[in-house]
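Visitor: Residue numbers (this note's numbering): 17 to 275.
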Ligand code: GLP
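1. Using only CA atoms, which one of 50, 38, 59 and 52 lies nearest to residue 23?
2. With a threshold of 6 Å on Cβ separation, who are the neighbours of residue 53 within its own chain once the five nearest residues in sequence on each side are excluded?
3. Mind checking residue 249: buried by the 16 CB within 10 Å criterion, or exposed?
4. Give the DSSP bridge partners of residue 196, in chain order.
5. Ignoring anything shorter than 4 residues, give me the alpha helix (DSSP H) runs that lie fully in the segment 36-111, in order along the chain.
6. Nearer than 7 Å: is that true of the beta carbon of residue 252 relative to any heavy atom of the ligand GLP?
7. If you draw a straight line from the alpha carbon of residue 273 to that of residue 266, how long is it in whole angstroms?
8. Determine the closest residue to residue 193 out of 206, 174 and 209, with distance taken between C-alpha atoms.
9. Roughly how many angstroms lie between the CA atoms of residue 85 and residue 157, to the nearest whole one?
10. Does the segment 78-92 come into contact with the segment 27-41, if we say contact requires no fewer than three beta-carbon pairs (one atom in each stretch) closer than 8 Å?
11. Following a CB-centred definition, is residue 184 positioned closer than 7 Å to any heavy atom of the ligand GLP?
12. For residue 119 and residue 104, I'd like the C-alpha separation in whole angstroms.
13. By how many angstroms is the C-alpha of residue 92 removed from the C-alpha of residue 182?
14. Cβ of residue 236 versus every heavy atom of the ligand GLP: is any distance shorter than 7 Å?
15. Report yes if the C-beta of residue 180 is less than 7 Å from at least one heavy atom of the ligand GLP; otherwise report no.
16. In its own chain, which residues sit with a C-beta less than 6 Å from the C-beta of residue 27, not counting the 5 before and 5 after it?
17. Let me check you understand the geometry: is the CB of residue 148 closer than 7 Å to at least one non-hydrogen atom of the ligand GLP?
18. Express the C-alpha separation of residue 111 and residue 74 in angstroms, rounding to a whole number.
19. Straight-line CA distance for residue 21 to residue 247?
20. Is it true that the CB of residue 146 sits closer than 8 Å to the CB of residue 240?
21. What do you reckon, is the C-beta of residue 285 under 7 Å from a heavy atom of the ligand GLP?
22. How about residue 128 and residue 167: are their beta carbons less than 8 Å apart?
23. Taking the alpha-carbon of residue 195 as reference, which of 204, 155, 225 and 162 has the nearest alpha-carbon?
24. Run through DSSP, which three-state label would residue 258 get?
25. In its own chain, which residues sit with a C-beta less than 6 Å from the C-beta of residue 229, not counting the 5 before and 5 after it?
26. Mind checking whether residue 210 and residue 224 have CB atoms under 8 Å apart?
27. From which residue to which residue does the alpha helix (DSSP H) around residue 145 run?
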């Protein structure tokens, strides 16, 4: 079972995950981080900034989950730009060691394979940060995605385009296709952190954690992974049937177990 940690605020969640990342990078300076975009991981990146001061991050490697297809990498809302602006620059990471899937049309046919090869060459992802979409997607794996899937091109559902329209001038400007790590790729990371905040994520979280394992709710793939930490605020936890047990288990967790 995933470990469910219910915290009062998103900032508390950010601090918890950031502490774990600092522990990892201190022990392994060339750790491989799985980076996510969207608003959910921002508290993690904010909490990391002061905590990484004095930690050598020059060898930290990173792989983003996904990218829009056909978007100019210089576009402020390309995930390459977002990762650069929100993660690489503020945390002082080496941009040459941080990769995003290549959404360029000219090379799109083999971009998935190339990305998989790069992750494999890095030795795999040590710690993967995940948000969850209202459709239950992780990365951009929309409902119906295979649990065995690897990095590939997907078509975004209308709901996801509507959710992401806030980053563009209009919903019509949100690209229709994306390239995303597959569920199989994500499941190969060594430790998954799934975060969610707010009422709007409560249904997706309940489905991912307690619902049937089904490709209709891609986030439920986490139930197949042996090391998952789900960090949610009270609102996102509000539809979890066993919330009291999760609170009890976390409060009484032996300290030596770590996260
Ligand atoms: C986006 C991203 C996902 C993200 C999700 C939720 O479309 N591709 O990686 O987890 O949707 O976004 P947010 O955190 O802004 O709610």
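Think of the CB as a built atom: it goes at the ideal place given N, C-alpha and C, for glycine as much as any other residue.
Here the structure is a predicted model, which is why all the values come from computation and not from measurement.
Guide: The relevant details are as follows:
1. For this step, residue 23 is matched to residue 7 along the chain shown. Comparing Cα-Cα distances from residue 23 to each of 50, 38, 59 and 52, the minimum goes to 59.
2. Your numbering for residue 53 matches position 37 in the chain shown. Hits under 6 Å: 95 and 98.
3. Counting from one through the chain shown, the residue named residue 249 turns up at place 233. With 16 or more Cβ atoms within 10 Å of its Cβ, residue 249 is classed as buried.
4. As a working note, residue 196 is residue 180 in the chain shown. 82 and 168.
5. 58-68 and 95-99
6. Your numbering for residue 252 matches position 236 in the chain shown. Checking the Cβ of residue 252 against the ligand GLP gives no.
7. One-based indexing of the chain shown puts residue 273 at position 257. One-based indexing of the chain shown puts residue 266 at position 250. In a straight line, the C-alpha of residue 273 is about 11 Å away from that of residue 266.
8. Indexing the chain shown from 1 puts residue 193 at position 177. When each option's Cα is compared against that of residue 193, the closest is 174.
9. Counting from 1 along the chain shown, the entry for residue 85 is found at position 69. Counting from 1 along the chain shown, the entry for residue 157 is found at position 141. Roughly 14 Å separates the two Cα atoms.
10. no
11. The residue given as residue 184 occupies position 168 in the chain shown. It does not: the Cβ of residue 184 is nowhere closer than 7 Å to a heavy atom of the ligand GLP.
12. As a first step, residue 119 is located in the chain shown; it is residue number 103 there, counting from the start. As a first step, residue 104 is located in the chain shown; it is residue number 88 there, counting from the start. Cα-Cα distance, rounded: 19 Å.
13. In the chain shown, counting from the first residue as 1, residue 182 sits at position 166. In the chain shown, counting from the first residue as 1, residue 92 sits at position 76. Computed Cα separation, rounded: 13 Å.
14. Your numbering for residue 236 matches position 220 in the chain shown. For the ligand GLP, not one heavy atom lies less than 7 Å from the Cβ of residue 236.
15. For the purposes of this step, residue 180 is taken as the residue at position 164 of the chain shown. Yes; taking the cut-off as 7 Å, the Cβ of residue 180 has a heavy atom of the ligand GLP nearer than that.
16. Indexing the chain shown from 1 puts residue 27 at position 11. Correct list, in chain order: 59.
17. The count along the chain shown starts at 1 and reaches residue 148 at position 132. Because some heavy atom of the ligand GLP lies under 7 Å away, the Cβ of residue 148 counts as near it: yes.
18. Here residue 74 corresponds to residue number 58 of the chain shown, with the count starting at 1. Here residue 111 corresponds to residue number 95 of the chain shown, with the count starting at 1. Answer to the nearest angstrom: the Cα atoms are 10 Å apart.
19. Indexing the chain shown from 1 puts residue 21 at position 5. Indexing the chain shown from 1 puts residue 247 at position 231. Between residue 21 and residue 247, the C-alpha separation is close to 5 Å.
20. In the chain shown, counting from the first residue as 1, residue 240 sits at position 224. In the chain shown, counting from the first residue as 1, residue 146 sits at position 130. It is not a contact, given that the beta carbons lie outside the stated cut-off.
21. Residue 285 lies beyond the residue range present for the chain, which begins at 17 and ends at 275; the question has no answer from this structure.
22. On the chain shown, position 112 is the one that residue 128 refers to. On the chain shown, position 151 is the one that residue 167 refers to. Yes, Cβ-Cβ distance for residue 128 and residue 167 is below 8 Å.
23. Residue numbering aside, residue 195 sits at position 179 when the chain shown is read from its first letter. The shortest C-alpha separation from residue 195 is found at 155.
24. As a working mapping, residue 258 is identified with position 242 in the chain shown. Reduced to three states, the DSSP call for residue 258 is coil.
25. Translated into the one-based positions of the chain shown, residue 229 becomes position 213. Contacts found: 236 and 239.
26. The sequence position of residue 210 within the chain shown is 194, counting from 1. The sequence position of residue 224 within the chain shown is 208, counting from 1. Yes, they are a contact pair.
27. For this step, residue 145 is matched to residue 129 along the chain shown. Counting along the chain, residue 145 falls outside any alpha helix (DSSP H), though it belongs to the beta strand (DSSP E) covering 143-146.
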